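Colleague: Please read through the structure below; I'll follow up with questions.
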Ligand SMILES: Cc1cc2nc3c(=O)[nH]c(=O)nc-3n(C[C@H](O)[C@H](O)[C@H](O)COP(=O)(O)OP(=O)(O)OC[C@H]3O[C@@H](n4cnc5c(N)ncnc54)[C@H](O)[C@@H]3O)c2cc1C
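The structure is reproduced here in structure tokens:
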């Protein structure tokens with residue numbers, strides 16, 4: 106078995122069990138108490154962005170958790186950031202409108218030059234600058250990222266960019282966008298992963314000057330958009346790292362993203378499960394609590410067991426990441442298991458609530474819809490399985 110991308114059995118990392126970061130969890134919960142179900146329902150109805158919620162998180166410094174202290178952030182480990190996102194969702198709030206501000210900057214932090222870091226990171230840490238948009242997915246090439254069609258051609262001290270992105274979430278609520286584009290045509294590179302580059306695009310200047318953003322109406326209120334790029338001028342100083350190495354830089358950030366998203370799933374699952382259990386205890390039909398029936402309690406017990414297992418995988422992946430160890434397989438597996446466990450918890454909570462699960466005022470249907478996304482984004486389940494099959498089990502590449 107080829108275990109080159111997973112933790113070796115002798116990997117010495119510390120895995121926190123029980124309530125890790127209790128003070129952090131407590132602070133997050135206190136903020137979330139100010140944003141009850143009605144707040145999120147109202148936003149859902151209006152398809153609006155939770156500006157006040159994101160501002161409250163920013164003010165408390167949570168979104169700058171991963172930015173080193175020298176750039177104005179809190180310099181916390183990834184596990185702490187994961188706990189913040191988990192608690193937000195476990196409180197019934199939704200972390201996704203804010204989560205990207207935490208981790209998109211990782212590409213800039215790891216691969217940007219000092220001038221770029223000084224220019225952007227302090228503003229991102231304070232929330233003055235919103236870096237929440239990540240333009241990778243394209244309508245015609247989807248999961249086959251290296252085939253993306255957006256082209257950036259150097260002309261003097263600028264690149265001229267043309268192309269289209271889809272599902273670029275929060276682009277209308279972001280000052281900056283991390284953009285992946287091809288700088289060397291596919292035919293002129295040895296490996297398809299070469300010739301792609303990453304740019305930090307200033308959307309404040311670009312909107313109406315080469316970039317047009319259109320919202321997509323979707324199953325969930327995710328503020329996601331289509332981005333049309335036509336003759337956009339991007340200054341050479343906004344290229345991150347080396348030209349042609351962008352795919353590698355993006356991959357570097359994906360482990361963090363997967364671990365954080367997996368932790369959000371666990372949070373959602375915990376909230377949904379609690380709602381299901383509370384309702385199963387309270388609701389009396391046939392003169393007894395519905396939770397007394399094994400047909401109602403067993404799915405809840407199973408959902409709990411699966412969430413606990415997913416949580417352990419999230420902790421292991423984060424511990425490896427924080428120890429600087431290879432964690433590609435662990436991050437992917439954490440996201441796979443957490444997304445499936447959460448979906449089970451969501452469906453079980455909905456079923457437990459009977460007809461009331463469909464009533465908006467219970468918030469179950471909203472969280473049920475939100476829990477579904479994790480099996481598709483940021484990477485779909487099949488692509489995770491293909492990765493594990495190839496890179497962990499050593500099976501032939503299937504795509
Ligand atoms: C709400 C939402 C928000 C998003 N936010 C962002 C964002 O901010 N930035 C961004 O860049 N992207 C974003 N995405 C895009 C997301 O990452 C993609 O939707 C996802 O990666 C899948 O790509 P696709 O939709 O093109 O599906 P496709 O690649 O067309 O795949 C369709 C289906 O076929 C399966 N499939 C494809 N190829 C194979 C294969 N070889 N073997 C087995 N199965 C296969 C997939 O698993 C999937 O189930 C978002 C998507 C959504 C829905």
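Residue numbers (our numbering): 106 to 504.
Ideal Cβ positions, reconstructed from N, Cα and C, are used throughout, including at glycine.
No experiment lies behind these values; they were computed from the predicted model shown.
1) For the stretch 116 to 151, list the alpha helix (DSSP H) runs that are entirely contained and at least 4 residues long, ordered along the chain.
2) Nearest by alpha-carbon distance to residue 250: which of 352, 140, 426 is it?
3) Quick one: grab the DSSP three-state call for residue 154.
4) Going by alpha carbons, who is nearest to residue 244 out of 288, 175, 208, 321?
5) Would you kindly report the start and end of the unbroken beta strand (DSSP E) that includes residue 216?
6) Going by the CB atoms, is the gap between residue 253 and residue 281 shorter than 8 Å?
7) Out of 483, 357, 178, 502, which has the shortest C-alpha to C-alpha gap to residue 366?
8) Cα separation between residue 379 and residue 455?
9) Return the chain-ordered list of same chain residues with a C-beta closer than 8 Å to the C-beta of residue 490, the five sequence neighbours on each side being excluded.
10) How about residue 212 and residue 303: are their beta carbons less than 8 Å apart?
11) Can you give me the Cβ contacts of residue 416 inside the same chain, cut-off strictly under 6 Å, excluding the 5 residues immediately before and after it?
12) By the DSSP assignment, the alpha helix (DSSP H) with residue 227 in it spans what residues?
13) Give the secondary structure of residue 268 by DSSP, where H, G and I count as helix, E and B as strand, and everything else as coil.
14) Whole angstroms is fine: what's the gap from residue 160's alpha carbon to residue 232's?
15) Are there 16 or more other CB atoms within 10 angstroms of the CB of residue 472, so buried, or fewer, so exposed?
16) What residues are listed by DSSP as bridge partners for residue 344?
17) Go ahead and label residue 449 buried or exposed: buried means 16 or more other beta carbons lie within 10 angstroms of its beta carbon, across all protein chains shown.
18) State the DSSP-derived secondary structure class of residue 334, mapped to helix, strand or coil.
19) Give me the DSSP bridge partner(s) of residue 238.
20) Using a Cβ-Cβ cut-off of 7 Å (strictly less than) and excluding sequence neighbours within five positions of residue 453, which residues of its own chain qualify?
21) Please classify residue 410: is it buried, with 16 or more other beta-carbons within 10 angstroms of its beta-carbon, or exposed?
22) With respect to the beta strand (DSSP E) encompassing residue 172, which residues constitute its N-terminal and C-terminal limits?
23) Considering only C-alpha positions, which residue in the set 259, 328, 400 is nearest to residue 341?
24) Would you identify the three-state DSSP class for residue 430, choosing helix, strand or coil?
25) Answer yes or no: the CB of residue 372 versus the heavy atoms of ligand 1, is any distance below 7 Å?
26) Tell me the rounded alpha-carbon separation between residue 485 and residue 363.
27) What does the Cβ neighbour count give for residue 481, buried or exposed, with the cut at 16 atoms within 10 Å?
Modeller: Result, derived from the coordinates:
1) As summarised for the stretch 116 to 151, the continuous alpha helix (DSSP H) elements at least 4 residues long and confined to that stretch are 127 to 137, 142 to 151, given in chain order.
2) Considering only alpha carbons, the answer is 352.
3) Residue 154: coil per DSSP, three-state reduction.
4) The shortest CA-to-CA distance from residue 244 to any of 288, 175, 208, 321 is the one to 321.
5) Here residue 216 belongs to no beta strand (DSSP E); instead the alpha helix (DSSP H) covers 210 to 216.
6) Not closer than 8 Å, so no.
7) Per the Cα distances, 483.
8) Linking residue 379 to residue 455 through their CA atoms gives a straight-line distance of about 12 Å.
9) So the list reads 441, once near-sequence residues are dropped.
10) Contact flag set, yes.
11) In its chain, beyond the 5 residues on either side, 371 have a beta carbon closer than 6 Å to the beta carbon of residue 416.
12) That run of the alpha helix (DSSP H) goes 219 to 231.
13) DSSP places residue 268 in strand when its eight states are reduced to three.
14) Distance between residue 160 and residue 232, taken at the CA atoms: about 8 Å.
15) Residue 472 counts as buried, since no fewer than 16 other beta carbons sit within 10 angstroms of its beta carbon.
16) Residue 344 pairs with 304.
17) Buried, because 16 or more other Cβ atoms sit within 10 Å of the Cβ of residue 449.
18) Residue 334: strand per DSSP, three-state reduction.
19) Residue 238 is bridged to 282.
20) 381, 404, 405, 408, listed in sequence order.
21) With fewer than 16 other Cβ atoms within 10 Å, it is exposed.
22) Taken as a continuous stretch (DSSP letters only), residue 172 belongs to no beta strand (DSSP E), as it is neither H nor E.
23) Of the listed residues, the one whose Cα sits closest to residue 341 is 259.
24) Residue state, collapsed to three classes: coil.
25) If you check the C-beta of residue 372 against ligand 1, you find no heavy atom less than 7 Å away.
26) Each residue's alpha carbon lies about 11 Å from the other.
27) Looking at its Cβ environment, which holds fewer than 16 other Cβ atoms inside 10 Å, residue 481 is exposed.
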